[in-house]
Every structure is written in C-alpha cells, then in structure tokens.
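> Provided herewith is a single structure, encoded as structure tokens, for subsequent inquiry.
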Amino acid sequence: MKIISSFTLLILLILSTLYLPSSSAQDYNTQWNLPEGAKVRIGRGGITEITYSPDGTQLAVATSIGIWVYNMSTHQGFPLTMEIGWVRGVKFSPDGETLASITDRGIQLWNFATGKHKFTLTGHIEGPTDVAFSPNGRTLASGGTWKDKTIRLWDAATGRHKLTLTGHEGSISGIAFSPDGKTLITSESYPTKVIRLWDVIKGRHKRTLKGHKDSVYSLALSSDGRILASGSKDRTIQLWDPSDSNIRLWDAVRGRHKRTLKGHTGQVNTLAFSPDGKTLVSGSDGFSGEDTTICLWDVVTGKQKGSLIGQGGVRSLSFSPDGRTFASAGADGNILLWDALMASHKGTIVGHMDASKSVAFSPDGLTLATSGGWADNTNRLWDAGTGAQKGALTGHTDVVWSLSFSPDGGMLASGSRDKTIRLWDVITGEPKGTFVTHTSNMSVAFSPDGRTLASGNYDKTIRLWNVITRESKGTLVGHTDSIDSVAFSPDGRTLASGSDDKTIRLWDVITGEHQQTLDGHRSKIASISFSPRGDILASASWNGTIFLWDTETLTLKQTLKGHTSKVNGIAFSLDGNTLASGSNDGWVVLWSVETGELNKMLIGHTGGINDISFSPDGRTLASCSWDSTVLLWDLTRASSITDKVR
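Here the sequence shown stands for residues 285 to 930, where the numbers follow my numbering.
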C-alpha cells in the first residue's frame, strides 16, 4: 500500500482541525465547502456505506453530501474531496491507493492519499448500485439499476470499458469477486430474487442460485471464497409479519445451498465476514418491522453468537483487517465500533445525523430546534449562531413530524408518530408534560398567548390542549383526510388547518366552530402559514404550487409557481414582505409577497427540503433536508438569482 507522505498527512490533520472542532458540543458543525449564502452546516450527511482501508488505519464513509475519512486512532475526520454530492457507496482497491465512489454521475475513482480525482466511469443508464474491485485491483465491476440491469467490467487503471454482462431482470444489489478473480458473483433485489455466478474470463453466465423468497439486498463472500452469504427481505404471504428475513449460506464453489440462518425479524440489508471467515455479522435497517439489530453468527455451526442493539437501523458493516473490530453505520447517523471477540461496544464516531422533518427558531433567535427522524427520534437544540449543539431531548419512540416554540421561548412542543405530543423545558431539556393522542400528530402550534396548543392529526381531527392544565380543550372535526398543518392567526382568534383533502378550514378558537372552507388546491396541502399582520394566509401543496389568500375577503390573491415538486414548508419573514418555501425539488425559494415574484433561490442541499424557519430578525433562514443536514442561510449575503436561473 502506498504510504501517505508526512507533508500530506500534516495537511490532512490541519484540515481536520479546521473543518471539525474537537469539542463534543460542535461535533455536528462543519464549515466545509458551504454553498453560496450559507454560513453554517449542521451534520455531515446521512451515511450510505462505510469501509475500512486495507491497512485498517482509516474508515471511508459515503454520505449524502460527500466522502468523509476518519482516522481510526483519533476518530477525527475530514472530507476526502471538496466536491458536494450524494454518494451511494465506497470501495477501496486491494492496495488501498484508490477509492471508488458511486454517484448519480457514475463511478468516480480517487487517489486516496491525495484526494485527487482520477477519472469517472459512465455507461450505466442510471447511477450504479454497487461496485467491487478484483483481487489484483486491475478490474472494477459495477451493477446497474432496474432500468439498466447490466454488470459492467472496467479497467481500473485506465477506465476503459472491458465487458458487459447481461441476464439479470432487475436491479443489481450486490457484487463480489472470487479470490482468484475468475468468478464474479452478483445478486438481484427484484423481481427474480436470484444470485448469479459469472465466468469473468469468458464473459458468460455460469450458474444461478435460487432460494430466497423475496428481494436479495446484501451479499458477502468469505476471504477463502468458499462460503457466500446473502441477506434478504424474505417475507411470507402473511403480509403483516416478515417471515424468516433469513441469511442463506452457499457453497460458492459448487453453487449449493448450505444453511439458513434465522434470527432477524426485518430485512437483512448488510453483511460482512470476519477476515478469517469464521464469523459473519448481519444488520437490519428497521424499515420492514422494528428490527434494528446486528447479529453475529458462527459460520461453521450456523449458530447465533450474539445480538447487538444500540443502532437506529443498520445500513452498513465493515470489519477491520485484523478482525478485532467491526464498524456499523446506522440511519441514526452514528458509527459504532464493536469488539468482535467480546461482542461489545467500544466506541462511537458522531457528527452524522438522521434527517429532521421540522426545524424552528426560538423567539429570541438564539436557539434552533430540529426534530428527531425515523431512526433517531431525538429532538436537538443548537446555538443558532455557531451551530454548536446545546442539548438533546430524548423520549419519543418514533419520527417527530413537527416542532413549535412557546411565545416566551421557555417551552418546545413536539408532535410525533408515536401518538404523543411532548412539552420540553428549553433551558434544562427536561420533559414538562405529555399529551397522549392515540394517533400520529402531523403538526403542532402554540397560540399567541401560549396557553393553547393545537395539533393536526392523521385521524382527520384537530385537538386543542390546555398547556397549563395539560387537559384537552376539545376536538375539531370536519376534514375528510389527514391534517398536515395547523396555524394560529396572530390575534389568536382563528385557527387554520390544511389537509390531505385539499382544503383549508378556518375555525373559531373560542367556540370551536367551523367558520369557512378555502377551496382551490388541486393537490394535498402540506403547509400553511399566517403573515405577521394576519392579513394573508399562505398554503402550499403537493403539486408545488403556493396560494396566498386574503384573510379579510377570503379570496385568492396570488399563485406562486416555481417549484417542481411537493412544497413541505413555508414561512413568512417578520416584516411579512417575504415568503420562504422549501420543496422536495431541493430548492429553498424566497418570494415577494407583494408581487408574487421569485426573488432568490438558495441551492445547496443534495436532497429535498423537509422544513424551513426564519429567524425572528429575518436575517437567517434555516432549512432541514433529506440529506440529513441543516443549513443556516445568511439572507444578507444570499445573491439574487434573476440573472442566474431560468
């Protein structure tokens, strides 16, 4: 393996101290390659795959915003390149000199010592799904999606396309070379659920392995090439209950089934053999059932050696070359290090996060709150100026859909899919109360006087809660579908609700009576917001349109068009002159309320926008995204897009 020069190592260490402050309070904050107009990024991106370097000193991490490299002695990390983009996977060449990354643009090969880009391999109809180096490092194999269905072989030194293998009927989910490099093994997730063996020299299909009952999601080959493991979804006709979610062990030489390992209750989407081939570790991601465990198996006997918990959905596993440690990466953003012999936790690398569904500024503008995601249900409080973490609010057991600060800033409400609304003390982080609702709480909002909390619910109802007594004040019924957003008028007299039934309803807060229904949207309503003066109500829908309503005449004033997908969040600036919107198209857009014109576009996330929030002074906008990051935008520096877009 090529040795990294002392000068290069020094530069990397300096970069790691610049990008990643060592204090635990700032482990999530990074200033690396911020997009134009952004001043802080919270989170280093959602993790898609991890892999140890061949010498075991580094861990490469593929994320939704790029590639990170962690020193396994210090656990300090740095970005491998300055390129921002969604990376679906990473693989080292056997000598450790080259790192291959999977992106929508193709396969990118990097000089690992310098971070210099070597070349990009393109040819698949869509971005590849997986890659593998041959044992001698001369060939790289890549698999395509269901639109492509092919396996391509490339010269790893020159990037020249060598061969295309056809025969799969769906997306390629896993690739592995035999130790002699003569056989290539590939798995298919859907529809045939098979594993195929290929003669690399002759470019022909050799054998098909059948046995899984559902999509094959993971593949691993022992170091001696004798045992092949495949992990699957494996459901039965009992649709409510995953059946065996099994791992099957195959004789990789003869192509015969050897053993079925049963233990997971959810799909097995990642596997890794220990270097000696005696132990197999498997992980489930929690999306098909509640299984988020890591299982250790004795390959010889087929018996389970242990089961590890602590990860919020396991996405990737990798053994260190010495076999003493293995790492697991979760949907919760944590990288956990495990003692392979003792089957015990030995360390955690933090900095990556789960994707938040909601973001909110405190009334004084000093604190930013983000909601817990699908895998990590923890609400977090951040310093709005620096992005340093101030606190973690734990208690929810499922994704948190919505957050709302009380008007005095002392309390935070969070509504969750776990059928509870929780109240938190912002200063201490302690829970102050819980409302049990018996349904998923899609949206929560405090009244202007802070005495009432409204919740819009999946069961088509709105509930009003007395914040002081913690008692229900009543239920508002009228919508015919789930309610995704609720908002109080500034005077507190009216509550507006936006629903999947494509209507907005206005309610008298005192009497609970329905006052008016606003029709016009042709798609589900995702978000609503009153202007600070209360004269305008904005509503955003799944088809990308935003309506501005005159609350006096209850007529439509403006239709804002520009987004190409569902608009998840809208918010007015404090002066009411600007409306911000965030969409699944990945754009944050600032609109003129008076003219309806698109004034500015903030581009920097690599995934859709889940929510946005203005700071009280209107100078900062926060956006949270599928890419598992939060960006704080300095609106005084964000440039106009008039001469840049369209």
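For glycine and all other residues, C-beta sits at the position ideal for the given N, C-alpha and C.
Would the stretch 416-426 and the stretch 437-446 be scored as touching if the rule is three or more Cβ pairs under 8 Å?
The stretch 416-426, when compared against the stretch 437-446, does touch it at the 8 Å Cβ threshold.
> Out of 780, 433, 725, which has the shortest C-alpha to C-alpha gap to residue 682?
Comparing Cα positions, the closest option is 725.
> Would the stretch 560-567 count as touching the stretch 645-652 if we require 3 or more Cβ pairs under 8 Å?
Contact between the stretch 560-567 and the stretch 645-652 is absent, because fewer than three Cβ pairs lie under 8 Å.
> Please confirm whether residue 357 and residue 330 have their CB atoms less than 7 Å apart.
No, Cβ-Cβ distance for residue 357 and residue 330 is not below 7 Å.
> Quick check: the Cα distance between residue 456 and residue 433, rounded to an integer number of angstroms?
If you take the alpha carbons of residue 456 and residue 433, they lie about 7 Å apart.
> Residue 844 and residue 875 - do their beta-carbons sit closer together than 7 Å?
Result yes, Cβ atoms of residue 875 and residue 844 sit closer than 7 Å.
> Alpha carbon to alpha carbon, how far is residue 853 from residue 599? Give it in angstroms, no decimals.
Distance between the alpha carbons of residue 599 and residue 853: 28 Å.
> For residue 326, is the classification buried or exposed, using 16 other Cβ atoms within 10 angstroms of its Cβ as the cut-off for buried?
Buried.
> Quick check on DSSP: helix, strand or coil for residue 478?
Residue 478 falls in the coil class under three-state DSSP.
> In terms of alpha-carbon separation, which member of 350, 403, 907 lies closest to residue 316?
Selected option, being the one with the closest Cα: 350.
> For residue 508, which residues of its own chain have a beta-carbon under 7 Å away from its beta-carbon, when the five flanking residues on both sides are left out?
Excluding positions up to five away in sequence, the list reads 463, 561.
> Taking the CB atoms as reference points, tell me whether residue 502 and residue 580 lie closer together than 7 Å.
No, Cβ-Cβ distance for residue 502 and residue 580 is not below 7 Å.
> Could you name the residues of the same chain whose beta carbon sits closer than 7 Å to that of residue 616, not counting the 5 residues immediately before and after it, in chain order?
Closer than 7 Å at Cβ, skipping near neighbours: 595, 596, 597, 638, 659, 660.
> Specify the secondary structure class of residue 336 as computed by DSSP and reduced to three states.
Looking at residue 336 - three-state DSSP - the assignment turns out to be strand.
> Rounded to a whole number of angstroms, what is the C-alpha to C-alpha distance between residue 570 and residue 701?
Each residue's alpha carbon lies about 15 Å from the other.
> Just to confirm, is the Cβ distance from residue 943 to residue 480 under 7 Å?
Past the boundaries of the shown model lies residue 943; the chain is included only from 285 to 930, so the question cannot be answered.
> Please classify residue 820 as buried or exposed, where buried requires at least 16 neighbouring CB atoms within 10 angstroms.
Answer is buried; the Cβ neighbour count reaches 16.
> Determine the direct distance from the alpha carbon of residue 474 to that of residue 755, and round the result to whole angstroms.
Approximately 50 Å between the Cα atoms of the pair.
> When the Cβ atoms of the stretch 804-811 are set against those of the stretch 746-764, are three or more pairs found closer than 8 Å?
With a cut-off of 8 Å, the stretch 746-764 and the stretch 804-811 do not count as touching, because too few Cβ pairs lie within range.
> Could you tell me whether the Cβ of residue 858 comes closer than 7 Å to any Cβ of chain D?
Judged by its chain identifiers, the structure shown contains no chain D, having just a single protein chain.
> Express the C-alpha separation of residue 862 and residue 692 in angstroms, rounding to a whole number.
Each residue's Cα considered, the two are about 24 Å apart.
> Provide the residue(s) that pair with residue 729 in DSSP beta bridges, ordered along the chain.
738.
> With H, G and I counted as helix, E and B as strand and the rest as coil, what does DSSP make of residue 372?
Note: residue 372 maps to strand in three-state DSSP.
> Got a sec, what are the start and stop residues for the beta strand (DSSP E) residue 791 sits in?
Element bounds for residue 791: 788-792.
> Drop a sphere of 10 angstroms on the beta-carbon of residue 722, count the other beta-carbons inside from all chains shown, and report buried for 16 or more, exposed for fewer.
Its Cβ having fewer than 16 others within 10 Å, residue 722 is exposed.
> Between residue 733 and the ligand ATP, is the CB less than 6 Å from at least one heavy atom?
This structure lacks the ligand ATP; in fact it carries no ligand of any kind.
> Assuming residue 373 contacts residue 332 under a Cβ cut-off of 8 Å, what Cβ separation, rounded to an integer in Å, is found between them?
Right, their Cβ atoms sit about 6 Å apart.
> Can you confirm whether the stretch 625-634 touches the stretch 876-893 when touching is taken to mean that 3 or more C-beta pairs between the two stretches lie within less than 8 Å?
Contact fails: fewer than three Cβ-Cβ distances are below 8 Å.
> So what's residue 765 in DSSP terms, helix, strand or just coil?
The answer is coil: DSSP assigns residue 765 none of H, G, I, E or B.
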